[in-house]
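A.B. asks: Here the sequence shown is numbered in our numbering, starting from 235 and rising by one per residue. For every residue, glycine included, the Cβ atom is placed at its ideal position computed from N, Cα and C.
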Amino acid sequence: MTETLTSGEARLQAQAAPEGEIAAATHTLVIGPYLARGAYGPGPGQAAPTRSVEARLDEATGLAAAIELDVLESLAISLPRIRPSTYLGKGRVEEIAGLIRAREIGLVVMDCALSPVQQRNLEKAWGAKVIDRTGLILEIFGRRASTREGTLQVEHAHLAYQKSRLVRSWTHLERQRGGFGFLGGPGETQIEADRRMIQERMTRIERDLDAVVRTRGLHRQSRARVPYPIVALVGYTNAGKSSLFNTLTQAEVTAKDMLFATLDPTARATKLPHGETVILSDTVGFISDLPTALIAAFRATLEDAIEADVLLHVRDVSHVDSEAQAEDVGDVLRELGIETSADRIIEVWNKADLLDDDERTRLLNLSGQAKTRNDRDSTAPVLVSALTGEGLSALTSRIEARIGRNRASFAVALPPEDGAALNWLYENAEILDRRSEADGTLHLAVRIAPEKEPRFLNRFTAARRLGRGG
235 MTETLTSGEA
245 RLQAQAAPEG
255 EIAAATHTLV
265 IGPYLARGAY
275 GPGPGQAAPT
285 RSVEARLDEA
295 TGLAAAIELD
305 VLESLAISLP
315 RIRPSTYLGK
325 GRVEEIAGLI
335 RAREIGLVVM
345 DCALSPVQQR
355 NLEKAWGAKV
365 IDRTGLILEI
375 FGRRASTREG
385 TLQVEHAHLA
395 YQKSRLVRSW
405 THLERQRGGF
415 GFLGGPGETQ
425 IEADRRMIQE
435 RMTRIERDLD
445 AVVRTRGLHR
455 QSRARVPYPI
465 VALVGYTNAG
475 KSSLFNTLTQ
485 AEVTAKDMLF
495 ATLDPTARAT
505 KLPHGETVIL
515 SDTVGFISDL
525 PTALIAAFRA
535 TLEDAIEADV
545 LLHVRDVSHV
555 DSEAQAEDVG
565 DVLRELGIET
575 SADRIIEVWN
585 KADLLDDDER
595 TRLLNLSGQA
605 KTRNDRDSTA
615 PVLVSALTGE
625 GLSALTSRIE
635 ARIGRNRASF
645 AVALPPEDGA
655 ALNWLYENAE
665 ILDRRSEADG
675 TLHLAVRIAP
685 EKEPRFLNRF
695 TAARRLGRGG
């Protein structure tokens with residue numbers, strides 16, 4: 235159904251999204267204004283970041299490239315402290331102003347969180363549009379979201395961001411007057427009117443999102459009638475989740491060497507080696523300093539991860555800051571209230587094809603040592619390459635073992651003519667082993683899900699319990 239906007243809301247959408255109107259060809263300067271190591275305090279939450287300055291600046295440049303901005307230059311600036319008015323020191327502001335004029339730069343991306351006052355002051359000093367990290371990520375999300383839910387969530391987050399920046403962003407905000415002639419006092423300011431319209435639009439979006447959530451709840455109930463385990467892929471953006479998803483499910487989800495190439499979650503059914511059907515879910519990638527508004531907005535899109543039986547934490551082990559990225563993913567998962575216990579998560583070390591021989595051997599040894607101690611309960615990572623297929627059989631076996639850890643296994647003997655019973659087992663259980671005697675009698679070892687166990691025992695009364703996990 236097409237949504238009808240009021241004239242005020244139409245103007246609101248046209249004027250309230252300056253971060254959404256950035257032309258791809260805009261000459262862009264990316265600035266990484268990072269506090270010097272000595273500027274961080276000893277208290278909680280004041281520790282210096284573990285990621286290198288170079289990697290942080292490369293990531294900011296990659297974010298700009300993700301929406302095809304024409305990045306002419308990127309530079310890192312070490313700050314002894316943050317200035318309340320302009321974030322940077324006066325000398326730095328003047329120096330960058332000269333660079334902007336010389337290179338004819340129309341957009342400056344600041345890899346930090348700017349206050350509305352800082353953003354406005356920098357735009358005045360530089361004569362160029364300025365956006366911070368939050369604005370840039372919102373721009374990317376706005377361009378990538380394709381489902382109705384994703385689009386609504388992005389718009390809600392963007393309006394919340396813009397609501398505090400009306401005084402900076404909009405040029406039409408002059409004071410209106412109420413009444414007639416000199417008798418009327420000052421009426422509602424345009425800023426107040428537009429802020430009210432933003433809030434009204436946000437309220438409508440929240441109602442629409444509630445309807446989407448209810449619909450998705452009905453879909454979950456429908457899926458629960460045919461219960462399949464959920465395996466959700468999570469990880470830092472550009473870790474290769476979508477490529478791995480495509481390889482495991484033979485799907486065609488967009489997968490590019492680009493930050494936030496895909497946003498909307500995708501789910502596909504796939505079979506594990508012993509015939510178990512699982513739902514594999516590809517989720518949005520995480521990133522450091524993800525805007526709080528987006529963490530809240532995209533919580534609903536991560537419901538598969540919240541409810542998943544197994545989480546695959548996909549890491550790009552070829553990246554120099556792989557460890558720091560893993561910490562960021564863990565922080566976001568915890569902030570979303572997603573359980574991150576070791577018996578639920580399998581670490582997937584992806585992009586093995588980009589490693590040199592020595593590093594590949596080292597990582598194989600790390601995963602192999604733990605696997606030798608205890609294969610079934612191992613918390614060791616699995617080294618894979620979604621591109622070449624290396625390690626994927628080990629990964630699917632690990633998923634299967636993790637799902638089957640609390641499932642009962644049974645030994646079943648079938649006469650050769652009972653094809654219906656054999657077919658039932660293949661459709662409802664995992665066939666762990668199959669062998670036949672000379673007279674055609676089949677001996678099978680099967681593993682059955684708890685919800686199917688009563689039907690199994692009712693049908694195969696002579697089945698012999700082998701234990702848990704199989």
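Please report how far the alpha carbon of Thr695 lies from the alpha carbon of Ala663, in whole angstroms.
C.D. replies: Position 461 of the sequence shown holds residue 695. Position 429 of the sequence shown holds residue 663. For Thr695 and Ala663, the distance between alpha carbons rounds to 16 Å.
A.B. asks: Which residues does DSSP pair with Tyr470 in a beta bridge?
C.D. replies: To locate residue 470, count along the sequence shown from 1; it is residue 236. Answer by DSSP bridge pairing, in chain order: Phe520.
A.B. asks: What are the boundary residues of the beta strand (DSSP E) that includes Pro267?
C.D. replies: Position 33 of the sequence shown holds residue 267. It spans His261 to Leu269 - the beta strand (DSSP E) in which Pro267 sits, taken as one unbroken run.
A.B. asks: Start and end of the alpha helix (DSSP H) containing Phe479?
C.D. replies: Here residue 479 refers to the residue found at position 245 when the sequence shown is read from its first residue. First-last of the alpha helix (DSSP H) with Phe479: Lys475 to Thr483.
A.B. asks: What's the gap between the Cα of Ser398 and the Cα of Glu434?
C.D. replies: Here residue 398 corresponds to residue number 164 of the sequence shown, with the count starting at 1. Here residue 434 corresponds to residue number 200 of the sequence shown, with the count starting at 1. Approximately 15 Å, taken between the alpha carbons.
A.B. asks: Near Ala501, what residues of its chain come up, given a Cβ to Cβ distance below 6 Å and the 5 sequence neighbours on each side ignored?
C.D. replies: If you number the sequence shown from 1, residue 501 lands on position 267. These residues qualify, in order along the chain: Ile513 and Ser515.
A.B. asks: Can you find the residues in the same chain that come closer than 7 Å, C-beta to C-beta, to Leu348, ignoring five residues on each side of it along the sequence?
C.D. replies: Taking the sequence shown and counting its residues from 1, one reaches residue 348 at position 114. Same-chain partners within the cutoff: Tyr321 and Asp366.
A.B. asks: Tyr395 by DSSP, collapsed to three states: which one?
C.D. replies: One-based indexing of the sequence shown puts residue 395 at position 161. Looking at Tyr395 - three-state DSSP - the assignment turns out to be helix.
A.B. asks: Assuming Val544 contacts Trp583 (C-beta within less than 8 Å), just tell me the rounded distance between them.
C.D. replies: Taking the sequence shown and counting its residues from 1, the one referred to as residue 544 is at position 310. Taking the sequence shown and counting its residues from 1, the one referred to as residue 583 is at position 349. 16 Å between Cβ atoms; not a contact.
A.B. asks: From the DSSP secondary-structure annotation, give me the bridge partner or partners of Asn584.
C.D. replies: As a first step, residue 584 is located in the sequence shown; it is residue number 350 there, counting from the start. In DSSP, Asn584 forms a bridge with Asp550.
A.B. asks: From Gln387 to Leu666, what distance separates their C-alpha atoms?
C.D. replies: The residue labelled residue 387 in the question sits at position 153 within the sequence shown. The residue labelled residue 666 in the question sits at position 432 within the sequence shown. Whole-angstrom Cα-Cα distance: 44 Å.
A.B. asks: Taking 8 Å as the limit between beta carbons, can you name the residues of its chain near Pro684, skipping five residues before and five after?
C.D. replies: Taking the sequence shown and counting its residues from 1, one reaches residue 684 at position 450. Cβ within range, chain order: Asn640, Arg641 and Ala642.
A.B. asks: Using a 10 Å radius around the Cβ and a threshold of 16 neighbouring Cβ atoms, would you call Ala542 buried or exposed?
C.D. replies: Counting from one through the sequence shown, the residue named residue 542 turns up at place 308. It is buried - the Cβ of Ala542 has at least 16 other Cβ atoms within 10 Å.
A.B. asks: So, is Ala445 buried or exposed, given that buried needs 16 or more other C-beta atoms within 10 angstroms?
C.D. replies: Indexing the sequence shown from 1 puts residue 445 at position 211. Result: exposed.
A.B. asks: Using DSSP's beta-bridge definition, name the partner residues of Tyr321.
C.D. replies: Sequence index remark: in the sequence shown, residue 321 carries index 87 (1-based). BP columns for Tyr321 point to Arg317.
A.B. asks: Could you pull the start and end residues of the alpha helix (DSSP H) that Ser358 belongs to?
C.D. replies: For the purposes of this step, residue 358 is identified with residue 124 of the sequence shown, where counting begins at 1. It is Lys, not Ser, that sits at residue 358 in the sequence shown. Start and end: Pro350 to Trp360.
A.B. asks: If you draw a straight line from the alpha carbon of Val305 to that of Ile330, how long is it in whole angstroms?
C.D. replies: Start at 1 with the first residue of the sequence shown, and residue 305 comes out as number 71. Start at 1 with the first residue of the sequence shown, and residue 330 comes out as number 96. About 15 Å.
A.B. asks: Taking the alpha-carbon positions, what's the Ala336 to Pro314 distance?
C.D. replies: Along the sequence shown, read from residue 1 onward, the residue named residue 336 stands at position 102. Along the sequence shown, read from residue 1 onward, the residue named residue 314 stands at position 80. Approximately 27 Å between the Cα atoms of the pair.
A.B. asks: Please name the residue, chosen from Glu561, Gln352, Leu370 and Gly323, that lies closest to Leu297 on a Cα-to-Cα basis.
C.D. replies: As a working mapping, residue 297 is identified with position 63 in the sequence shown. Minimum Cα distance to Leu297 is reached at Leu370.
A.B. asks: Of all the options Glu302, Leu303, Leu588 and Leu309, which has the alpha carbon lying nearest to the alpha carbon of Asp292?
C.D. replies: Sequence index remark: in the sequence shown, residue 292 carries index 58 (1-based). Checking every option, the nearest Cα to that of Asp292 belongs to Leu309.
A.B. asks: Can you give me the C-alpha to C-alpha distance between Pro649 and Glu671, rounded to a whole angstrom?
C.D. replies: In the sequence shown, residue 649 corresponds to position 415, counting from 1. In the sequence shown, residue 671 corresponds to position 437, counting from 1. One C-alpha to the other measures close to 10 Å.
A.B. asks: Between Ala560 and the rest of its own chain, which residues show a CB-CB distance below 6 Å, the 5 nearest in sequence each way excluded?
C.D. replies: The sequence position of residue 560 within the sequence shown is 326, counting from 1. Contacts found: Arg549.
A.B. asks: Of all the options Tyr462, Asp673, Asp591 and Gln396, which has the alpha carbon lying nearest to the alpha carbon of Arg430?
C.D. replies: One-based indexing of the sequence shown puts residue 430 at position 196. Among Tyr462, Asp673, Asp591 and Gln396, the Cα nearest to that of Arg430 is on Gln396.
A.B. asks: Could you give the first and the last residue of the continuous beta strand (DSSP E) run that contains Ile682?
C.D. replies: Here residue 682 refers to the residue found at position 448 of the sequence shown. Leu676 to Ile682 is the extent of the beta strand (DSSP E) around Ile682.
A.B. asks: Does the distance from the CB of Leu589 to the CB of Ser552 come in under 9 Å?
C.D. replies: One-based indexing of the sequence shown puts residue 589 at position 355. One-based indexing of the sequence shown puts residue 552 at position 318. Contact: yes.
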